[in-house]
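In my numbering, the protein residues as written are 219 to 600.
Note that the Cβ used here is the ideal one computed from N, Cα and C, for glycine as well.
Shown next as structure tokens:
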């Protein structure tokens, strides 16, 4: 494949060099630098010197040297992106193994390892709602060899939770690609005399501040979706945070907690086994994998839409060519039946973006949409 970048430099007054063209070509793994120049033609009409001395070789080469150095820098950047990656890439995940973030991060690492023939190694670095991993990546060089697989808890909620946060999600990271997104599902304990959202709302209104809902922790999607639902329905619920959605689901199944919002990869098996009852999905449309579950809006409560999503970010300063390469590799992998089926199996196929710019726009809109809910919930870790 031919790839070409070129710049044309107009007249250099010191040397009368005109039409200096510096081009870089790539043919496979080979890179070629081409520099072309010619002397400025005599133009007596505009010349104040009737007998202009011809340019000598030394002067011409001296002038071209500076431009050649610039071209070499351009060539180096192109070669670096073309060869990336040359060694192992670290993919930080801010949770323990087993959750949806870890699952999607490992799927990304596996796909990129296969497609680039270099190791993409998952580093589970849990703690502080995923912000410890994010801080580690934010401190890393922007060279494409340290990446972050993370969620809205870090990229949207963390600045509200941690006043002394060492990084800015908006300024210290470059969006790379969305790995997957799926709607939150509302379930209740199977023995609870509640068979619809209307039943749940009626029970909560009859028992204000007595119906508890579980989440995977303060500031998580499960927590904030519960807050959004309570606000939209005009009810008062009690939030019970756990160390992960899985632990919360256990207590919902046992009846210790009445309800929760979570993703289908956590709740799906329990719904099928009859241990919990699914009431609604927090989405604008029903899930293809569970078409019998109505949306919250269909069930009578408007304005409750919530996506759990996982995305890849790189430290600021990461070259655009490397970001584009990572995204392209993921898009190609995601288009295969094997990978798309794996994403669908955990119901994280509700939304897909093709470019980093789409992810950036989505993150910005989500920050604006959730701002009031986050403030109203009073989430704060310190």
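Leaving out five residues before and five after residue i in sequence, what residues of the same chain have Cβ atoms less than 7 Å from its Cβ?
{"i": "residue 329", "result": "548, 551, 557"}
{"i": "residue 535", "result": "360"}
{"i": "residue 484", "result": "463, 464, 467"}
{"i": "residue 478", "result": "405, 431, 432, 433, 440, 466, 467, 470"}
{"i": "residue 588", "result": "374, 442"}
{"i": "residue 446", "result": "522, 524, 591"}
{"i": "residue 450", "result": "519, 520, 521, 522"}
{"i": "residue 494", "result": "405, 406, 407, 408, 470, 471, 485, 488"}
{"i": "residue 541", "result": "392, 394, 532, 574"}
{"i": "residue 498", "result": "404, 415, 511, 512, 513, 514, 517"}
{"i": "residue 584", "result": "370, 374"}
Please list the terminal residues of the continuous beta strand (DSSP E) segment that includes residue i.
{"i": "residue 480", "result": "477 to 480"}
{"i": "residue 545", "result": "It is not in any beta strand (DSSP E) - residue 545 instead sits in the alpha helix (DSSP H) that spans 538 to 552."}
{"i": "residue 555", "result": "Taken as a continuous stretch (DSSP letters only), residue 555 belongs to no beta strand (DSSP E), being part of the alpha helix (DSSP H) at 555 to 563."}
{"i": "residue 470", "result": "Taken as a continuous stretch (DSSP letters only), residue 470 belongs to no beta strand (DSSP E), being part of the alpha helix (DSSP H) at 463 to 472."}
{"i": "residue 498", "result": "494 to 500"}
{"i": "residue 310", "result": "307 to 311"}
{"i": "residue 339", "result": "338 to 342"}
Can you name the start and end residues of the alpha helix (DSSP H) that residue i belongs to?
{"i": "residue 578", "result": "574 to 595"}
{"i": "residue 333", "result": "318 to 334"}
{"i": "residue 364", "result": "Here residue 364 belongs to no alpha helix (DSSP H); instead the beta strand (DSSP E) covers 364 to 368."}
{"i": "residue 352", "result": "349 to 356"}
Output needed for residue i: all residues of its chain with C-beta closer than 8 Å, excluding positions within five of it in sequence on either side, in chain order.
{"i": "residue 267", "result": "Low per-residue confidence applies at residue 267: pLDDT is 47, beneath 50, and the placement is therefore not dependable, though the value from the model is reported in the following sentence. Correct list: empty, nothing qualifies."}
{"i": "residue 492", "result": "408"}
{"i": "residue 578", "result": "393"}
Please classify residue i as buried or exposed, where buried requires at least 16 neighbouring CB atoms within 10 angstroms.
{"i": "residue 474", "result": "exposed"}
{"i": "residue 472", "result": "exposed"}
{"i": "residue 559", "result": "exposed"}
{"i": "residue 339", "result": "exposed"}
{"i": "residue 426", "result": "exposed"}
{"i": "residue 337", "result": "exposed"}
{"i": "residue 364", "result": "buried"}
{"i": "residue 343", "result": "buried"}
{"i": "residue 554", "result": "exposed"}
{"i": "residue 437", "result": "buried"}
{"i": "residue 411", "result": "exposed"}
{"i": "residue 538", "result": "exposed"}
{"i": "residue 452", "result": "exposed"}
{"i": "residue 356", "result": "buried"}
{"i": "residue 480", "result": "buried"}
{"i": "residue 595", "result": "buried"}
{"i": "residue 368", "result": "buried"}
{"i": "residue 376", "result": "buried"}
Ignore the nearest five residues each way along the sequence and tell me which others in residue i's own chain have a CB closer than 6 Å to its CB.
{"i": "residue 510", "result": "none"}
{"i": "residue 582", "result": "none"}
{"i": "residue 454", "result": "426, 427"}
{"i": "residue 384", "result": "353"}
{"i": "residue 507", "result": "565"}
{"i": "residue 561", "result": "398, 567"}
Taking the DSSP output, what are the residues bridged to residue i?
{"i": "residue 568", "result": "DSSP lists no partner for residue 568."}
{"i": "residue 533", "result": "391"}
{"i": "residue 513", "result": "499"}
{"i": "residue 397", "result": "DSSP, once it has assigned bridges, lists no residue as partnering residue 397."}
{"i": "residue 525", "result": "401"}
{"i": "residue 375", "result": "Answer is none; residue 375 lacks a bridge partner."}
{"i": "residue 487", "result": "According to DSSP, which records beta bridges pairwise, residue 487 is partnered with nothing at all."}
{"i": "residue 359", "result": "BP columns for residue 359 are empty, so no partner."}
{"i": "residue 459", "result": "433"}
3-residue-minimum beta strand (DSSP E) runs that sit fully inside the segment 403 to 457, ordered along the chain: 430 to 433
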